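Quick notes on the structure that follows.
Protein chains in written order, with my numbering: chain A, 2 to 269; chain B, 9 to 306.
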């Protein structure tokens with residue numbers, strides 16, 4: 002589905018997952034403090050630190066500020082995030098003093114389901130919470146990241162099952178029912194975060210327009226608008242001038258394949 | 009370990025084996041399965057493989073948690089089997105990570121609740137009515153409250169403790185301190201027991217004092233397949249291998265028969281795991297901390 006190499010003239014072949022990871026990493030240019038989630042966010046953020054954003058401080062919910070991971074771990078609680086870090090904290094301090102206090106610029110999340118306003122479900126699939134069709138992991142830190150991180154970036158593969166008109170459970174709030182409503186609630190309740198700002202998938206890059214809805218701004222090379230429409234539960238808004246995402250460079254691909262994910266855990 | 013579990017873990021207890029990826033006491037989990045405890049409420053931020061195995065082993069009635077998965081691999085399949093569909097039989101009480109930490113903290117501090125800014129505009133308070141909104145008594149808006157969590161027993165694994173249970177940890181600290189102070193009874197499992205003088209030489213590293221510890225158990229490699237910073241690595245191969253085993257109820261039962269019921273304790277488990285596997289998990293090189301000078305004062 003997502004692993005087929007896309008040939009391009011005078012550029013290396015790359016998979017759609019690689020394109021997604023590279024595009025997500027580039028979005029982190031200029032950011033300072035990033036809270037790293039499990040799975041795809043982990044490889045995207047580690048690639049950003051090795052390319053567009055070397056001064057990025059990586060924060061892991063396990064209780065690490067300023068991590069310098071020497072390898073890309075399977076789990077986000079790996080010993081490599083501790084050795085050489087700026088600080089190891091209890092999780093009470095990490096969630097209280099760092100996240101809820103407002104020190105996180107970007108929270109990077111994955112999702113099982115997302116709607117047009119960037120609201121996220123990672124809890125259950127099915128209408129009946131007590132008897133779900135599929136039991137997903139749950140919030141972890143995602144619910145508080147969505148509320149307290151200054152901005153939220155989302156990275157996930159796109160499919161008709163994941164990009165849905167109605168999510169089955171709201172684990173992490175995005176732009177709620179629209180930007181105006183969301184801004185009012187965030188202001189009234191004193192949230193420090195402004196909500197989701199970018200969604201990167203294996204097909205393209207979305208930002209959120211003034212109504213709070215996702216808008217396709219860039220299509221990855223090899224992906225088509227028909228594919229985008231076929232993998233979404235609503236009619237997507239598309240930028241007037243739709244860009245083509247610059248393809249991965251030789252250097253970005255080398256970092257992913259040789260340093261970050263030699264076993265292809267994230268990219269296959 | 010056998011005596012500690014026999015004496016301190018009782019049927020129907022709320023048990024917290026804490027440790028966030030790091031320092032998870034699989035040795036204690038396996039001993040609880042071996043002694044066939046029943047109707048336990050198992051609390052853990054991330055149930056991880058240890059609770060997947062304990063649920064498969066039939067010890068649990070209920071889970072209290074915040075993230076239910078095998079990180080980077082997939083789901084916890086034994087738990088999924090009893091929490092999905094019309095036959096779902098395991099009771100779940102679910103929070104976010106900060107909510108779980110806050111619950112242990114309230115328990116540790118003897119507070120009636122702990123306030124946090126999470127849960128607004130989510131379905132979590134509907135799924136778990138113990139997550140409740142409250143007004144700030146100072147008139148500056150609403151927050152959510154979670155109730156204290158006071159386990160009957162908390163089990164933590166650590167690099168070292170002295171015989172009195174004064175316990176030192178380095179690397180990820182998770183919420184072990186909070187979970188231990190919140191508990192009625194505390195079991196500390198360590199890689200090694202050291203002299204009290206070793207503890208006193210570096211008091212900043214102590215997370216739990218012996219006055220709240222009921223048993224100290226020495227169990228080298230007792231956290232495998234999780235890890236101990238500086239001593240052994242996370243056995244990611246085991247975490248991957250567990251996925252196909254746990255998908256099949258028969259394979260799961262056979263695994264428990266062989267690796268839990270079929271051994272007398274951690275020493276036998278380790279012998280079965282083999283020297284080569286154990287050696288492969290040692291860190292590639294040492295990375296010692298620089299020593300600090302506390303000074304001697306008159």
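Just so it is clear, CB atoms sit at the ideal spot from N, CA and C, and this is done for glycine as well.
Being a predicted model, the structure only gives us computed values, none of them experimental.
Residue environment, residue i, which counts as buried when at least 16 other CB atoms sit within 10 Å
i                      : result
residue 9 of chain A   : Because residue 9 of chain A sits at a pLDDT of 48, beneath the cut-off of 50, its placement in the model cannot be relied upon, and the following sentence gives the value as read from the coordinates. So residue 9 of chain A counts as exposed.
residue 218 of chain B : buried
residue 1 of chain A   : Past the edges of chain A, shown from 2 to 269, lies residue 1 of chain A, and the structure says nothing about it.
residue 59 of chain A  : buried
residue 269 of chain B : exposed
residue 188 of chain A : exposed
residue 225 of chain B : buried
residue 134 of chain B : exposed
residue 252 of chain A : exposed
residue 303 of chain B : exposed
residue 2 of chain A   : Because the pLDDT at residue 2 of chain A is just 42, under 50, the model does not fix this residue reliably, and the value given afterwards should be weighed accordingly. The residue is exposed, with fewer than 16 neighbouring Cβ atoms inside 10 Å.
residue 169 of chain A : buried
residue 134 of chain A : exposed
residue 241 of chain B : buried
residue 117 of chain B : exposed
residue 263 of chain A : exposed
residue 294 of chain B : exposed
residue 79 of chain A  : buried
residue 296 of chain B : exposed
residue 185 of chain B : buried
residue 292 of chain B : exposed
Residue i, enclosing beta strand (DSSP E) - first and last residue
i                      : result
residue 218 of chain A : 215–221
residue 295 of chain B : Element bounds for residue 295 of chain B: n/a, residue is neither H nor E.
residue 257 of chain B : Counting along the chain, residue 257 of chain B falls outside any beta strand (DSSP E), though it belongs to the alpha helix (DSSP H) covering 257–264.
residue 39 of chain B  : Taken as a continuous stretch (DSSP letters only), residue 39 of chain B belongs to no beta strand (DSSP E), being part of the alpha helix (DSSP H) at 34–42.
residue 223 of chain B : 223–226
residue 154 of chain B : 150–154
residue 49 of chain B  : 48–51
Endpoints, the alpha helix (DSSP H) within which residue i is located
i                      : result
residue 277 of chain B : 274–281
residue 59 of chain B  : 56–64
residue 105 of chain B : 105–117
residue 148 of chain A : 143–149
residue 287 of chain A : Because chain A spans 2 through 269 in this model, residue 287 of chain A falls outside it and cannot be assessed.
residue 244 of chain A : Note, residue 244 of chain A: premise wrong, no alpha helix (DSSP H); beta strand (DSSP E) at 238–246.
residue 252 of chain A : 251–255
residue 188 of chain A : 180–189
residue 71 of chain B  : From DSSP, residue 71 of chain B is part of no alpha helix (DSSP H) but of the beta strand (DSSP E) over 68–73.
Contacts of residue i in chain A (Cβ-Cβ under 9 Å)
i                      : result
residue 276 of chain B : Here the premise fails: no neighbours, minimum Cβ distance about 26 Å.
The ligand ATP heavy atom lying under 7 Å from the CB of residue i
i                     : result
residue 46 of chain B : Here there are no bound small molecules, and the ligand ATP is not part of this structure.
Chain A contact residues for residue i, given Cβ-Cβ distances below 8 Å
i                      : result
residue 61 of chain B  : Correct list: empty, because the minimum Cβ distance to chain A is about 17 Å.
residue 128 of chain B : 148, 174, 186, 190, 192
residue 113 of chain B : 93
Beta-carbon proximity of residue i to residue j, cut-off 8 Å
i                      : j                      : result
residue 41 of chain A  : residue 156 of chain A : yes
residue 118 of chain A : residue 241 of chain A : no
residue 74 of chain B  : residue 30 of chain B  : no
residue 45 of chain B  : residue 26 of chain B  : no
residue 215 of chain B : residue 170 of chain B : no
residue 232 of chain A : residue 21 of chain A  : no
residue 160 of chain A : residue 110 of chain A : no
residue 57 of chain B  : residue 228 of chain B : no
Contacts that residue i makes with chain B (C-beta to C-beta distance below 7 Å)
i                      : result
residue 227 of chain A : Simply none; closest approach about 31 Å.
residue 62 of chain A  : 105
residue 196 of chain A : Neighbours of residue 196 of chain A on chain B: none; closest Cβ ~11 Å, over 7 Å.
residue 149 of chain A : 125
Contact set between residue i and chain B, taken where Cβ atoms lie within less than 9 Å
i                      : result
residue 75 of chain A  : 79, 80, 81, 242, 244, 247, 248
residue 92 of chain A  : 28, 53, 105, 106, 108, 109, 180, 181, 182, 183, 186
residue 39 of chain A  : 75, 77, 79, 80
residue 153 of chain A : Chain B residues near residue 153 of chain A: none, gap ~14 Å exceeds 9 Å.
residue 145 of chain A : 104, 105, 106, 107, 124, 125, 126, 127
Any C-beta of chain E under 8 Å from that of residue i
i                      : result
residue 163 of chain B : This model lacks chain E altogether; the protein chains it does include are A and B.
Partner residues on chain A for residue i, Cβ-Cβ distance less than 7 Å
i                      : result
residue 74 of chain B  : 139, 140, 141
residue 235 of chain B : 80
residue 91 of chain B  : 136
residue 88 of chain B  : 136
Members of the segment 130–149 of chain B near chain A, C-beta cut-off 9 Å: 130, 131, 132, 134, 135, 148, 149
Chain B contacts made by the segment 112–134 of chain A, where a contact means CB separation under 8 Å: 124, 130, 131, 132, 133, 134
Residues from the segment 93–106 of chain B in contact with chain A, defined by Cβ distance under 7 Å: 93, 94, 96, 102, 104, 105, 106
Cβ-based contacts, 9 Å cut-off: residues of the segment 183–203 of chain B near chain A: 183, 184, 185, 186
Chain-ordered residues of the segment 163–181 of chain B with a beta carbon less than 9 Å from chain A: 178, 179, 180, 181
Contact list for the segment 160–177 of chain A against chain B, Cβ threshold 8 Å: 170, 171, 172, 173, 174, 177
Under 7 Å (Cβ pairs) to chain B, residues found in the segment 20–37 of chain A: none
Near-chain B residues of the segment 236–254 of chain A - C-beta to any C-beta below 9 Å: none
Chain-ordered residues of the segment 273–300 of chain B with a beta carbon less than 7 Å from chain A: 295
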